[in-house]
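Peer 1:
Numbering (this note's numbering), first residue to last: 7 to 121.
1) Quick check on DSSP: helix, strand or coil for residue 73?
2) Count Cβ pairs between the region 57 to 68 and the region 76 to 83 that sit closer than 8 Å; are there 3 or more?
3) Candidates 42, 28, 54, 27: which alpha carbon is nearest residue 102's?
4) Under a Cβ-count criterion, where at least 16 other Cβ atoms within 10 Å of its own Cβ denotes burial, should residue 90 be classed as buried or exposed?
5) Can you give me the C-alpha to C-alpha distance between residue 97 and residue 72, rounded to a whole angstrom?
6) Report the rounded CA-to-CA distance for residue 33 versus residue 41, giving the unit in angstroms.
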């Protein structure tokens, strides 16, 4: 597990997507891996969590998270995200600027848009 004692060490953080092992390329080159917990995070969330642990000295179990949040667009439409996010002061998941709009725009596509 990643810990604050690693502050100052030169390291690289890459996280895996579901069912892939992108970090294997770095392990082959001698880099060590760090586990951020059992729930898959988006890359931006994993970077945020790493920064919070290394720079702000949080422990992984003291960071407030929201798992698999539901983004409601209106009374009839919502999307459940399959990831863990850091919880913001408003209780909502912290996402990159424009991400919710991008997800909503993607949800507005019809099946014909896929071909």
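Using N, Cα and C, we set each Cβ at its ideal position, and we do this for glycine too.
Peer 2: With the structure as the only source:
1) strand
2) Segments in contact, no.
3) 54
4) buried
5) 8 Å
6) Taking the straight line joining both Cα atoms gives about 14 Å.
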